[in-house]
Structures are given as structure tokens and as C-alpha cells.
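Everything below concerns the one structure shown next.
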Amino acid sequence: AQSVAQPEDQVNVAEGNPLTVKCTYSVSGNPYLFWYVQYPNRGLQFLLKYITGDNLVKGSYGFEAEFNKSQTSFHLKKPSALVSDSALYFCAPLIKAAGNKLTFGGGTRVLVKP
Amino acid sequence: GAVVSQHPSWVICKSGTSVKIECRSLDFQATTMFWYRQFPKQSLMLMATSNEGSKATYEQGVEKDKFLINHASLTLSTLTVTSAHPEDSSFYICSAREGVGQGYGYTFGSGTRLTVV
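The listed protein sequences derive, respectively, from chains P and S.
With the numbering used here applied, the first sequence closes on residue 114, and no number is skipped along the way.
With the numbering used here applied, the second sequence closes on residue 1117, and no number is skipped along the way.
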């Protein structure tokens, strides 16, 4: 079965420290992987995606993610977190076999403390 | 960039009434739109795929007679929650693809908070 996992429900980090949000996937073939962020009572905003090419993908707001095929991971990272980064983050592989639908992980709540 | 507009942002309705939520792609045409439901502190659950000019495809366990989807044009899909009950209270989000290639991402609406009293 094709799936995605975000093992941490919540990540707490001090402002200025590095932030990592973990994501592992189980998708057949070459996966397309997305990260989205959701602020309270809002829709999802696109951060970045991996389609092919360089394993390190740079996205919006200083975020980046590294595609690791051997570990089937696509962790989201930011070198220096801001309080405004506090939000809900979703990893989402594109399931081609399911008609190119996004399948969302459970989400990870990030709390950046001043 | 691509923009998806969703209205209303929030709605309160009485039990037994119906509520319509609109999802519009403002600067692109979307042959396919998606409707999600999100419970508090939970992930998004895909409810259905809305296809322009044809019937929506519902995910397993989603009542198609309860959640009516209409995609009458390339820029508008609507979700109608019929005979709403308190258990239908949730956050509903729509999304649309900017293109047909597999590399295209999805743009999301800002969501609709439905409260049934």
C-alpha cells in the first residue's frame, strides 16, 4: 500500500535554531513529493516539491527538503526558525496510481518559541 | 501564481438545512478540483474529485447524496452539504491543479469552517 508518515505530531524549537520536520513515504516508482504549510483556519500553502533532479530542493520562506531515495524520506528543513513558522506542516506524495491524487501525512505541528 | 478562491470562509447553519460552498480558480482553468475535509488537529481527508462536465468521483465511505458536487465550468466547483447535521461540522477545503502534467502542484482554497447547530 502506498502511504506517507510524519512520525512527529509536534516539533518544538527555539527561534533561531534549525528546524526539521520528518517525512517518510512508501510509494511505488519514482515519487513526486510535496510539502505544504497550513496556518490556523486557512487553506494549505505550497512550500516546495521534488519531481526529479537535485535531491536538495529549495522552496518558499527559506525552507528546503532533501529527497533520500534509499531511506525513502523527504524531510523538511529550515536553518534558522522564526516564530512566524509556527504552523501545521503536511508532507504529501502524489499517488500516480490513484489518478495523481495528493495523499497527506498526518501533519506535524511546529511551535517556534521566542 | 495560481489562485483558488473559496467562499464562504465560515458558515453557521441550522440542522436540517443545506449549505453550498464555492471553489473558483481565478486565473487558470481547472478541469479537476478536489474537495477535502479536515477535522480539528487532523490531516486532510479527500472526499471527492470533481470533474468538469461529468460526475464527481467519491472516495470510499463518503456519501454522495449527502455531499453534492457540481463542476459546471472550468473555473467553478461547488460542494453542497445537504440536510446538514452537527456531525457534518468541519473544515472543508478545495484544491485545483494548475496543469495536467504530473509535476504540477495543487493550489488550495482558504477553506470553509462549517458549524451546524
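By construction, the Cβ of each residue, glycine as well, lies at the ideal position given by its N, Cα and C atoms.
At least one CB of chain P closer than 8 Å to the CB of residue i: is that the case?
i                : result
Q1029 of chain S : no
Q1060 of chain S : no
I1021 of chain S : no
S1110 of chain S : yes
S1043 of chain S : yes
G1053 of chain S : no
R1037 of chain S : no
R1024 of chain S : no
L1046 of chain S : yes
G1105 of chain S : yes
Thinking just about the alpha-carbon of each residue, which of the options is nearest to the one in residue i?
i                : options                            : result
Y1106 of chain S : S:R1113, S:S1095, S:D1088          : S:S1095
M1047 of chain S : S:E1098, S:S1090, S:C1013          : S:S1090
K77 of chain P   : P:A92, P:Y61, P:Q71                : P:Y61
N1051 of chain S : S:K1064, S:M1045, S:S1073, S:E1063 : S:S1073
V1081 of chain S : S:G1001, S:V1116, S:G1099, S:P1040 : S:V1116
G29 of chain P   : P:S3, P:S86, P:P114                : P:S3
R1037 of chain S : S:V1062, S:V1011, S:L1076          : S:V1062
I1093 of chain S : P:L56, P:G16, P:Q45                : P:Q45
Y1104 of chain S : P:T52, P:A87, P:E66                : P:T52
G1053 of chain S : S:I1069, S:E1059, S:E1098, S:K1064 : S:I1069
I74 of chain P   : P:G16, P:Y25, P:L88                : Residue 74 of chain P is actually Phe in this sequence, not Ile. Minimum Cα distance to F74 of chain P is reached at P:Y25.
F1028 of chain S : S:F1034, S:V1004, S:S1009          : S:V1004
Q6 of chain P    : P:T103, P:N55, P:Y50               : P:T103
G105 of chain P  : P:V37, P:S70, P:V83                : P:V37
Counting only beta-carbon separations shorter than 8 Å, does residue i have a partner in chain S?
i               : result
G59 of chain P  : no
L56 of chain P  : no
L111 of chain P : no
G62 of chain P  : no
F90 of chain P  : yes
L44 of chain P  : yes
K49 of chain P  : yes
F104 of chain P : yes
G16 of chain P  : no
G107 of chain P : yes
What are the boundary residues of the beta strand (DSSP E) that includes residue i?
i                : result
S1118 of chain S : This structure does not reach residue 1118 of chain S, given that chain S is present from 1001 up to 1117, and the question cannot be answered.
V1117 of chain S : Element bounds for V1117 of chain S: n/a, residue is neither H nor E.
S3 of chain P    : 3 to 5
Practice problem: Let me know the beta strand (DSSP E) ranges lying completely inside the segment 1073 to 1113 of chain S, each 3 residues or longer, listed in chain order. | Solution: 1076 to 1081, 1090 to 1097, 1106 to 1108
Quiz item: Which parts of the segment 20 to 85 of chain P are runs of the beta strand (DSSP E), unbroken and 3 residues or longer, counting only runs that do not cross its ends?
Solution: Assignment of beta strand (DSSP E) within the segment 20 to 85 of chain P, counting only whole runs of 3 or more residues, yields 24 to 26, 32 to 38, 44 to 50, 56 to 58, 64 to 68, 73 to 78 in chain order.
Quiz prompt | Contact set between the segment 22 to 41 of chain P and chain S, restricted to residues whose Cβ is under 7 Å from the partner | solution = Y32, F34, N41
Self-check item: Those runs of the beta strand (DSSP E) which lie wholly inside the segment 1024 to 1061 of chain S and span at least 3 residues
Solution: 1032 to 1038, 1044 to 1051
Exercise. Could you list the residues in the segment 1079 to 1101 of chain S with a C-beta less than 7 Å from some C-beta on chain P, going in chain order?
Key: Going along the segment 1079 to 1101 of chain S in chain order, one finds I1093 with a Cβ nearer than 7 Å to chain P.
Quiz item: Closer than 9 Å, Cβ to any Cβ of chain S: which residues of the segment 69 to 81 of chain P, in chain order?
Solution: Residues passing the 9 Å Cβ filter: none.
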